[in-house]
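In the numbering used here, the protein residues as written are 69 to 331.
This is the structure in structure tokens:
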């Protein structure tokens, strides 16, 4: 592969990333309703892409399910706790009904999207601006470090049957990048250095989210979840790592707190 071919997608990736970062930063900074709507819209877009991939096409029921998912996720934070799981279960049931095949995968992935989105909103609301930034920076840094290390160093593939482009060099670079982020935040926030290995595990969970989405795409025979984001494919292609990382934090934060050691 020529040098120009190796980096051919870099320009559109950077351009799209700048736009996404700008919109995301504004939503994160605003917090509250603005951030809730932003997360709900992104999760709705991901569910629309998922259902289109699994069905091979869209349609009114697919669009309706995505809209219901976005609204349910936003409303979940404003209604009493007993309404939470029924509210999130509704779009999952609609999605399963809208899917002709792979219904178990559809249901499981929709649950992942909704719970990850819910956790992002909870981190911003309950733990504050610093820790949602920490979570997002880990995903971005591990992804960027993995991208450049994988392109420049190459080497053995991490899981070639599922994600043929992901290399061990890129994977380890992502872990190292996450460790640096964890150390920087631990120092800045004067918290335990447990945040360093914790951050590495979050990066690993983000990589598993990426691989899970790659597995779905290979199963249905598509390269990208959609073409909504130039250079990145679709929202699932861009935020799959965030799904894995957020779901991991959802599970682990309840056991050891955020930052770790506060429970």
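For glycine and all other residues, C-beta sits at the position ideal for the given N, C-alpha and C.
Quiz prompt | Boundaries (first-last residue) of the beta strand (DSSP E) holding residue 226 | solution = 225 to 227
Self-check item: residue 125: first and last residue of the uninterrupted alpha helix (DSSP H) it sits in
Solution: Run containing residue 125: none; DSSP gives neither H nor E here.
Self-check item: C-beta contact flag for residue 394 and residue 222 at 8 Å
Solution: The displayed coordinates of the chain run from 69 to 331. Any statement about residue 394 would go beyond what the structure contains.
Quiz item: Since residue 266 is in the alpha helix (DSSP H), which residue starts that stretch and which ends it?
Solution: 263 to 288
Practice problem: With a 10 Å radius around its C-beta and 16 neighbouring C-beta atoms as the bar for buried, classify residue 278 as buried or exposed. | Solution: buried
Quiz item: Whose C-alpha, out of 292, 159, 271 and 205, is nearest the C-alpha of residue 312?
Solution: 271
Quiz item: Where in the segment 292 to 326 do unbroken runs of the alpha helix (DSSP H), each at least 4 residues long, occur, reported from the N-terminal end onward?
Solution: 303 to 324
Quiz item: Nearest-angstrom Cα distance between residue 93 and residue 107?
Solution: 12 Å
Quiz prompt | Range of the contiguous alpha helix (DSSP H) that encloses residue 154 | solution = 152 to 166
Exercise. Ignore the nearest five residues each way along the sequence and tell me which others in residue 197's own chain have a CB closer than 6 Å to its CB.
Key: Cβ neighbours of residue 197 beyond the five flanking positions: none.
Practice problem: Return the chain-ordered list of same chain residues with a C-beta closer than 7 Å to the C-beta of residue 239, the five sequence neighbours on each side being excluded. | Solution: 214, 226 and 275
Self-check item: Nearest-angstrom Cβ-Cβ length linking residue 185 and residue 157, presumed shorter than 8 Å
Solution: Going by Cβ atoms, the distance from residue 185 to residue 157 rounds to 15 Å, so no, they are not a contact pair.
Exercise. Give every residue of the same chain whose Cβ lies closer than 6 Å to the Cβ of residue 241, excluding the five residues on either side of it in the sequence, and list them in chain order.
Key: These residues qualify, in order along the chain: 213, 214 and 217.
Quiz item: Pairing CB atoms from the segment 301 to 315 with CB atoms from the segment 142 to 153, are three or more of them under 8 Å?
Solution: no
Self-check item: Three-way DSSP call (helix, strand, coil) for residue 231 in this model
Solution: strand
Practice problem: With distances taken Cα to Cα, identify the nearest neighbour of residue 266 among 321, 117 and 151. | Solution: Measuring from the Cα of residue 266, the nearest candidate turns out to be 321.
Self-check item: the segment 201 to 210 touching the segment 114 to 129, judged by at least three CB pairs closer than 8 Å
Solution: Result no; under three Cβ-Cβ pairs closer than 8 Å.
Quiz item: In chain order, what residues of the same chain lie with their CB nearer than 7 Å to the CB of residue 70, ignoring the 5 residues before and after it?
Solution: Note on residue 70: pLDDT 43, under 50, position unreliable in the model; no value is reported.
Quiz item: Got a sec? Which residues, its chain only, sit under 7 Å from residue 103 by beta carbon, not counting five neighbours each side?
Solution: 95, 96, 189 and 192
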